[in-house]
Each structure stands twice: as structure tokens, then as C-alpha cells.
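**Q**
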Amino acid sequence: MPSKSFKDLKVSDLGEKRLIKRLLERSQKSQPTSLFLEKFLDENSVKSTKDDAALIDLGENYLVATSDLLMQSAHFPDEMTPFQMGKKVVTVNVSDIAAMGADTICIIVSMGLPKDMSLSNFDEMIEGILESCKQYDMVLIGGDTNESADLTLCGTCIGMVKKENVLMKGGARSSDVVAVTGKLGLAAAGFELLFCDESEESKLEGLDHGFMSLALEHALQPEARLKEGILLGKTGVVTSATDITDGLLSEIGEIIDASPENIGITFYEEQVPIPHEVHEIGNILGKNPLEMALTYGEDFELLLTVQKDKFDDLNHLKNVVDLHEIGFVDSSGIIKMIDKDGKTNVVTPKGYEHLK
């Protein structure tokens, strides 16, 4: 099949990650003159175009800025309440701040609202936003509203981090330890429960209700690892980090691509922290628990690399950070998984991506 001409290409031919890269490459070629930039910043003051958030050099600290947009058709299943929608638009933004080792300051939330949205649903959504702001110790400072056929929420979150504590994607080096916080796959299990058809619902009758509640909570009301990111950044031994929103394999690929060195990552199947609930739900619904943990995303845990000889220094955090070693950085340039039988498999960095 002949390749498409440029005028026939659609954004779906590139996908979210390549579109963002395209935007950033063009923005760096032409930096506008501004009084703020001339007075306060030099040409090296704005950093981390490959990261979860942008860094603006303010002397001893970085100002950290990120933005995430959520749409009802893509991000809010029918079972999600307006309160949970409000919480989620804050959580996804805070997760990016957490991945940088930063603390939160404030958030702006702009909204595209269907004109037939009930006032009670609007108020409930605002309560969710405010509840999350309280949870992450920051303030809602403004936003905008407009009419939209599809409920759309866009958050812009601002944080701050001392320069010596910042976490970025591009610092992984060969021999570093690879680790994740928390457990993986629970959000995937929750979404599989939400989206299962009538023929599958009967299979769930014997499933422990506690398992279902835990999985649904992770899918409908996720939490950002803000405290964990701050604590890990302060240790000085974390060489790179990102949050797991598009799946572990996808985020591993991001760490590899961001490194200035030719690195790869090898991880062990048996060391991926997949909880019992994910295995139970996956087995009942005929879904592979490992695939749920590796490719689904929405876990909002942190993926990080740590200096090998300093990894044990993180033991003092074990009561507050649930950290799991899963593998190591090498110089292969690819992602490899050592399965339960000891066989090494080359895997691709697949995961969820918008516009694909």
C-alpha cells in the first residue's frame, strides 16, 4: 500500500506522543520575545520538554507547570459520578507534579459544559475538585467555562521543587535499579468490571465483593503519589522518574527515549507487583493479569530508576513508600522481560495512547 501524502495525513496517523513531540520541536525553533523572558529568564531557563511537566528556573527552585485535558467520552465512564470526575481532573495533574518530585501550589480548571448539565451535577463536580485540592494541599485559583457537547475538564497545575530534589525522565544510567511504587493492574481490573457484558456478569457472582470494591475504587477514584514523589526526590539517589498513566511498558519506553545514553531496561515478570485481586478478576473474565498491569495504565503509580549502590538507602522510607524493585537498566537499547521460566523476551513499549 503506498504511503499517504502529507495533506492526507490525520492526527490519528501520528498519535498523542508523536503529536506532542511535533509541537515541541516547532515551538523550540521559534521562541517569541517577551518582557518576562528577557527580564527574568535566560535561554536555558525553561527545561524538560520530554518530561511530565515543564520546569522554569527561579534560582534555587524550579516552578513546575503541567496541563491535562479530560473528556467525558474518553475518560469518564457512565458509572463515574460528577464528584469523581472533579477529583480526577485534579489527580491527573497532580500525578505529573508528583513525578517531578515537586509539591503542589495551585490549579486552574477550565470547563466545557453541556448546556443541559444539571446544576446539582455541576455543584457535585466542583465539590470533587475542591476535595482533591484539600487532599493535595493546594488551592483552586481560577479557570474558564464554555459550552461543549461533551463534558470537558482541563486542569493546569503549578508546583515547586528545589533544584537538587527534582526528578526527570532523562537521568537513567546503565546498572541502575528499576522500581515502581504500589501495585499495578487494579485500575485495569476495575475498568474490565465496568465494561464487561451481560454474559460475563454471571461469572462475577462468586467474586469477593471486597475485590470488586478495591478495583472499582482504583478505576473511578485514583490517587496521585504526591507524598511519595516528594520523599523520593529528597533522597538524591533517584536518577529518573515518571508516573504510570499509559501502562508500565509505555512508561519504560519513555524513560529509555529520554536518556541521552543508549540504555535499555530489563525487568522480571515475577517481580511486577500484581495484587491477588487482579489475578482473580482477570482469571474470571478471561483477561491476562500481566497484560493488565503492563499495558492498560491509569495506575498513577511512579516508575523510577535508582543508583544501584544507593537502592538500600531507600529502606528508611519503607513505612511510607510501597516500593518494589522490578529490574535493572542496561545498555541494550530495548525492553526485555525475563519470564517465570527464566526466558528472556523482547517486548515493545505498548500502552494506551490517545488519537490512535
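Here the sequence shown stands for residues 205 to 560, numbered as in our numbering. Where a beta carbon is used, it is the ideal one built from N, C-alpha and C, also for glycine. In this text, all values refer to a predicted model and were calculated from it rather than measured experimentally.
1. Compute the beta-carbon to beta-carbon distance between P553 and I467, rounded to the nearest angstrom, for a pair I have assumed lies under 8 Å.
2. Looking at the ligand NAD, does it come within less than 8 Å of D261, judged from the CB to the closest heavy atom?
3. How would you call K291, buried or exposed, if buried means at least 16 neighbouring beta carbons within 10 angstroms?
4. Quick check on the DSSP output: what are the complete beta strand (DSSP E) runs of length 3 or more inside the region 345-379, in order along the chain?
5. With a cut-off of 8 Å on the beta carbons, I'd call S277 and D401 a contact; round off their distance for me.
6. Name the two residues that bound the continuous alpha helix (DSSP H) containing S406.
7. For the pair the region 287-302 and the region 332-345, tell me if three or more CB-CB distances fall below 8 Å.
8. For K451 and E502, what's the separation of their Cα atoms in angstroms?
9. With three or more C-beta pairs closer than 8 Å as the rule, is the region 524-538 touching the region 403-421?
10. If you follow the alpha helix (DSSP H) that I456 is in, where does it begin and where does it stop?
11. Might you give, ordered along the chain, the residues of its own chain that have their beta carbon closer than 6 Å to the beta carbon of E328, omitting 5 neighbours on each side?
12. Please classify G546: does DSSP put it in a helix, a strand, or coil?
13. Could you check whether I301 and G433 sit closer than 9 Å to each other, using their CB atoms as the reference points?
14. Closest by CA to Q475, which one among L498, E458, L357, V442?
15. Assuming V381 and F504 form a contact by the criterion Cβ under 8 Å, report the distance between their Cβ atoms to the nearest whole angstrom.
16. Using the C-alpha atoms, what's the distance from F471 back to I460?
17. If you count every other CB in all the chains shown that lies within 10 Å of the CB of T385, and 16 or more means buried, which is it?
18. Please name the residue in S444, L357, L267 whose C-alpha comes closest to that of V296.
19. Once the 5 residues before and after P426 are set aside, which same chain residues still bring their CB inside 6 Å of it?
20. Please state whether DSSP places E331 in a helix, a strand or coil.
21. Give the range of the beta strand (DSSP E) segment to which G531 is assigned.
**A** In terms of the structure at hand:
1. P553 to I467, Cβ: 13 Å. No contact.
2. The model on display carries no ligand, and the ligand NAD is accordingly not part of it.
3. buried
4. 349-351, 356-366
5. Between D401 and S277 the Cβ distance is about 20 Å, and since that is not below 8 Å, they are no contact.
6. For S406, no alpha helix (DSSP H) encloses it, and the DSSP letter there is neither H nor E.
7. Enough Cβ pairs lie closer than 8 Å, so yes.
8. At residue 451 the sequence reads Gly, which differs from the Lys that was named. Taking the straight line from one Cα to the other gives about 7 Å.
9. no
10. Going by DSSP, I456 is part of the alpha helix (DSSP H) stretching over 452-462.
11. P286, F287
12. Of the three classes helix, strand and coil, the one that applies to G546 here is coil, per DSSP.
13. yes
14. Residue nearest to Q475 within the set L498, E458, L357, V442 is L498 (criterion: CA-CA distance).
15. Incorrect: roughly 21 Å between the Cβ atoms, too far for contact.
16. 13 Å
17. buried
18. L357
19. T295, F504
20. In the three-state reduction of the DSSP assignment, E331 falls in the helix class.
21. 527-534
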